[in-house]
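Protein chains in written order, with the numbering used here: chain G, 123 to 398; chain E, 1486 to 1773.
Idealized CB from N, CA, C, for every residue including glycine.
Computed from a prediction, not measured in an experiment: that's the story for all the values here.
Okay, structure first, notes after.
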Amino acid sequence: MARAVSSRRKAINTAVAWAIGLLIFFPILWTILTSFKTEAQAIADPPIFLGFDWTLENYRIVQERSNYMRFLWNSVIIAGFSTILGVIIAVPAAWSMAFVPSRRTKDILLWMLSTKMLPAVGVLYPIYLICIELGVLDNRVALVVIIMLINLPIIVWMLYTYFREIPGEILEAARMDGASLRNEILYVLTPMAVPGIASTVLLNFILAWNEAFWTLNLTAVNAAPLTAFIASYSSPEGLFFAKLSAASTMAIAPILILGWFSQKQLVRGLTFGAVK
Amino acid sequence: MATQHSRSAARLMMAPAVFVLLVWMLVPLGMTLWFSFRQYLPLRGGDLGFAGWDNYVRFVTSSSFWPSIYSTLIIVGGVLVITIFFGILLAMLLDQPMFGQGIVRILVIAPFFVMPTVSALVWKNMFMDPTNGLLAHLWRFFGADPVVWLSDVPLFSIVLIVSWQWLPFATLILLTAIQSLDSDQLEAAEMDGAPHLKRFWYIILPHLSRAITIVLLIQTIFLLSIFAEIFVTTGGAFGTRTLTYLIFQRVLESQNIGLGSAGGVYAIILANIVAIFLMRIVGKNLDT
């Protein structure tokens, strides 16, 4: 039963929550607004909030100067393929662990999780060296593989928790009716698994997009994604606030939108099913 | 139940994932261990032979070791305290009835989706810049001298930036936990006249304890390895060199692979100590 709440209390809640929400969101909002200002307006004191001449100039300059599209393309490729590859490897594994569990299933799951806990910096040089030896430093394929491996434990876990929610009785029934393993997967399981797989893809795409250890350390020019593109603004270009803002807005906008769809998956994906 | 046939099929389906993760874990880990016992300087003579425990001893006795532990503890501890404290308050607020709840939630969660290099640079330049940053404007407005954030209070500044990134995560998980609280229990307490503080202390907080532990452990593991936020703000200067950053500098900047690898082994051990506790909770949850 819903608790009765006075409308005065609700109004106070609303005001406080909105104030805090806007405060937390403010840096993002400010970045977006600044990206439409001129450089002079961007550093004006007192700051201008909305009463400036909106311009798209910064976006044009950033695109021209830094070949933004190449970085964007690298981000899309690295995040996209690492996620797809990860899901292709993880679906069979998660399926078998969820539906044909053995004594070792739990140990395997926990072991997979433990590989995620390995601090990246502890294996920085070996990976760096392997990339040099194989001639794949600053190479997109190498990053696809590495980021896939980083996220694979999360992908397996998320899929496992989703698959476990699919009632086993339905599979039993399909088997009774004489469905082959192939048909069982194709016609019974897949339709029920699609939402879980979609959520997994979404969250892991975001994680891959924002990954900023390997992308910064293993790329230079050719394979550099947006994380490295923004880091190159560290100085002195970073002092041109309007351009920095335009570049930042372009780097985060796609993910902010995807992120808003994946709030729920975030909890499941990053707590490994421990909080539901 | 599962037949012999489906069991072997299951094993086959698990094989690729297990295999790639096994390789991913064992090969680099083995190499790090190997290098940590070598005197290995690629730019100054290459592999100069067996070093025994030398690298391990030198890593912890170097003058930058304890400062790096100090900054790591301040950053990880500071962010944990801030995100969990405000996360609880924010989660309880968001659980209350209000107008536009969905939109407020989105506003609060948004920072989590901003890539680390963007949030670090936006904070560094547009907010913390001592001349043109927004905080400098604000300070001048009140007649105060602007703070040179990243060199005067560097650790605090980094804690602030990282807390902003991780507060959404803590809030979201704690909110999920609060929403599973049985409202009958709270109502009963309210009827019995238990004051707000008591209700929070005796009902809400115990209910949240598991979620808080999970937030604590997961964040610790991620925070121990923050990198980009330091890379683009201070580059490890002004006493912001964490253990992770120190190892990074030893390995890639000064190319002392043996020393850096020994540091890497320390970092792996440290992370594993935290991970053991997390795994225990997660593992228990699997049984139910």
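Beta carbon proximity, residue 159 of chain G to chain E, threshold 7 Å: Position 37 of the first sequence, counted from the start, is the residue given in the question as residue 159 of chain G. It does not; no Cβ of chain E falls within 7 Å.
Close beta carbons around residue 1541 of chain E, own chain, < 6 Å, minus the five adjacent residues each side: In the second sequence, residue 1541 of chain E corresponds to position 56, counting from 1. Cβ neighbours of residue 1541 of chain E beyond the five flanking positions: 1747.
Residue 1670 of chain E classed as buried or exposed, judged by whether at least 16 other C-beta atoms fall within 10 angstroms: For this step, residue 1670 of chain E is matched to residue 185 along the second sequence. With fewer than 16 other Cβ atoms within 10 Å, it is exposed.
Cβ separation of residue 1520 of chain E and residue 247 of chain G, assumed to be a contact under 8 Å, to the nearest whole Å: Looking up residue 1520 of chain E in the second sequence gives position 35. Looking up residue 247 of chain G in the first sequence gives position 125. Right, their Cβ atoms sit about 7 Å apart.
C-alpha gap between residue 350 of chain G and residue 1602 of chain E, whole angstroms: Position 228 of the first sequence, counted from the first residue, corresponds to residue 350 of chain G. Position 117 of the second sequence, counted from the first residue, corresponds to residue 1602 of chain E. Cα to Cα, the separation comes out at about 8 Å.
Within chain G, partners of residue 1601 of chain E - CB distance below 8 Å: As a working mapping, residue 1601 of chain E is identified with position 116 in the second sequence. Here the neighbours are 332, 334 and 349.
Residue 323 of chain G at chain E interface by Cβ criterion, 7 Å: For the purposes of this step, residue 323 of chain G is taken as residue 201 along the first sequence, with counting starting at 1. No, residue 323 of chain G lies away from the interface with chain E (no Cβ there is under 7 Å from its Cβ).
Beta-carbon gap between residue 1598 of chain E and residue 144 of chain G smaller than 7 Å: Residue 1598 of chain E sits at position 113 when you count from the first residue of the second sequence. Residue 144 of chain G sits at position 22 when you count from the first residue of the first sequence. Their beta carbons are not under 7 Å apart, which means residue 1598 of chain E does not touch residue 144 of chain G by this criterion.
Residue range of the unbroken beta strand (DSSP E) whose run includes residue 1734 of chain E: Position 249 of the second sequence holds residue 1734 of chain E. It is not in any beta strand (DSSP E) - residue 1734 of chain E carries neither H nor E in the DSSP assignment.
Any chain E beta carbon closer than 7 Å to residue 237 of chain G: Along the first sequence, one-based indexing puts residue 237 of chain G at 115. Answer yes: the Cβ-Cβ gap between residue 237 of chain G and chain E drops below 7 Å somewhere.
For residue 1523 of chain E, the three-state DSSP class (helix, strand or coil): Here residue 1523 of chain E refers to the residue found at position 38 of the second sequence. In this structure, residue 1523 of chain E counts as strand in the three-state DSSP scheme.
When E:1759, E:1729, E:1765 and E:1767 are compared against residue 1549 of chain E, the one with the closest alpha-carbon: Position 64 of the second sequence, counted from the first residue, corresponds to residue 1549 of chain E. Checked all of E:1759, E:1729, E:1765 and E:1767; the closest Cα to residue 1549 of chain E is E:1729.
Positions along the region 160 to 176 of chain G whose CB lies within less than 7 Å of some CB in chain E: 165, 167, 168 and 169
Buried or exposed by the 16-neighbour rule on C-beta atoms within 10 Å, applied to residue 1513 of chain E: As a first step, residue 1513 of chain E must be located in the second sequence, where it is residue number 28. The residue in question, residue 1513 of chain E, is buried, as its Cβ has 16 or more Cβ neighbours within 10 Å.
Run of the beta strand (DSSP E) containing residue 1535 of chain E, from where it starts to where it stops: Residue 1535 of chain E sits at position 50 when you count from the first residue of the second sequence. Where residue 1535 of chain E is concerned, the enclosing beta strand (DSSP E) stretches over 1531 to 1535.
Cut-off 7 Å between Cβ atoms - residues of its own chain near residue 1543 of chain E, not counting five sequence neighbours on either side: Sequence index remark: in the second sequence, residue 1543 of chain E carries index 58 (1-based). 1744.
Residue 232 of chain G, buried or exposed, once every other Cβ within 10 Å from all chains shown has been counted against 16: Within the first sequence, the letter at position 110 stands for residue 232 of chain G. With 16 or more other Cβ atoms within 10 Å, it is buried.
C-alpha distance - residue 343 of chain G paired with residue 192 of chain G, whole-angstrom precision: In the first sequence, the residue the question calls residue 343 of chain G occupies position 221. In the first sequence, the residue the question calls residue 192 of chain G occupies position 70. Going from the Cα of residue 343 of chain G to the Cα of residue 192 of chain G covers about 10 Å.
Presumed contact (8 Å Cβ cut-off) between residue 158 of chain G and residue 176 of chain G, rounded CB distance: If you number the first sequence from 1, residue 158 of chain G lands on position 36. If you number the first sequence from 1, residue 176 of chain G lands on position 54. About 5 Å separates the two Cβ atoms, so the contact holds.
Cutoff 7 Å; reference residue 1633 of chain E; Cβ partners in own chain excluding five residues on either side: Here residue 1633 of chain E is taken as the residue at index 148 of the second sequence, counted from 1. Result list for residue 1633 of chain E: 1615, in chain order.
Assigned secondary structure, residue 1601 of chain E (DSSP; H/G/I helix, E/B strand, else coil): Locating residue 1601 of chain E in the second sequence gives position 116, counting from the first residue. Residue 1601 of chain E: helix per DSSP, three-state reduction.
Host alpha helix (DSSP H) of residue 147 of chain G (start-end): Along the first sequence, read from residue 1 onward, the residue named residue 147 of chain G stands at position 25. 129 to 156 is the span of the alpha helix (DSSP H), which, as asked, contains residue 147 of chain G.
With 16 other Cβ atoms within 10 Å as the buried cut-off, status of residue 124 of chain G: Counting from one through the first sequence, the residue named residue 124 of chain G turns up at place 2. Residue confidence for residue 124 of chain G is low, a pLDDT of 47 falling below 50, so the modelled location carries little weight; the figure read from the coordinates is stated next. So residue 124 of chain G ends up on the exposed side.
Beta-carbon neighbours of residue 1624 of chain E, restricted to chain G and to distances below 8 Å: Taking the first residue of the second sequence as position 1, residue 1624 of chain E is located at position 139. Per Cβ cutoff of 8 Å: no residues; residue 1624 of chain E is ~11 Å from chain G at best.
Residue 365 of chain G, enclosing alpha helix (DSSP H) - first and last residue: Residue numbering aside, residue 365 of chain G sits at position 243 when the first sequence is read from its first letter. Residues 363 to 383.
Simplified DSSP assignment, three categories, for residue 288 of chain G: Looking up residue 288 of chain G in the first sequence gives position 166. The answer is coil: DSSP assigns residue 288 of chain G none of H, G, I, E or B.
Cβ-based neighbour list, residue 156 of chain G, same chain, cut-off 7 Å, excluding 5 preceding and 5 following: In the first sequence, residue 156 of chain G corresponds to position 34, counting from 1. Once the five neighbours on either side are set aside, the close Cβ partners of residue 156 of chain G are 164, 363, 364 and 367.
Alpha helix (DSSP H) segment containing residue 238 of chain G, residue limits: Residue 238 of chain G sits at position 116 when you count from the first residue of the first sequence. Residues 227 to 238.
Residues of its chain near residue 328 of chain G, where Cβ-Cβ distance is below 7 Å and the 5 sequence neighbours each way are ignored: Start at 1 with the first residue of the first sequence, and residue 328 of chain G comes out as number 206. Answer for residue 328 of chain G: 377, 380, 381 and 384, listed in chain order.
Cβ of residue 1584 of chain E within 7 Å of any chain G Cβ: The residue given as residue 1584 of chain E occupies position 99 in the second sequence. Answer yes: the Cβ-Cβ gap between residue 1584 of chain E and chain G drops below 7 Å somewhere.
Boundaries of the alpha helix (DSSP H) in which residue 1562 of chain E is found, first to last residue: The residue you call residue 1562 of chain E lines up with position 77 of the second sequence. Note, residue 1562 of chain E: alpha helix (DSSP H), 1550 to 1580.
Meets three-Cβ-pair contact criterion under 8 Å: the region 260 to 268 of chain G and the region 195 to 205 of chain G: yes
Collapsed DSSP secondary structure at residue 1613 of chain E in the structure displayed: To locate residue 1613 of chain E, count along the second sequence from 1; it is residue 128. Here residue 1613 of chain E sits in coil by DSSP.
Alpha-carbon to alpha-carbon, residue 1573 of chain E and residue 1685 of chain E: Counted from its first residue, the second sequence places residue 1685 of chain E at position 200. Counted from its first residue, the second sequence places residue 1573 of chain E at position 88. Using only the alpha carbons, I get a separation of about 11 Å.
Cα-Cα separation between residue 1760 of chain E and residue 1767 of chain E, rounded to whole angstroms: Position 275 of the second sequence holds residue 1760 of chain E. Position 282 of the second sequence holds residue 1767 of chain E. Using only the alpha carbons, I get a separation of about 10 Å.
Interface flag, residue 1741 of chain E vs chain G, CB-CB below 7 Å: On the second sequence, position 256 is the one that residue 1741 of chain E refers to. Not closer than 7 Å to any Cβ of chain G, the Cβ of residue 1741 of chain E fails to qualify, so no.
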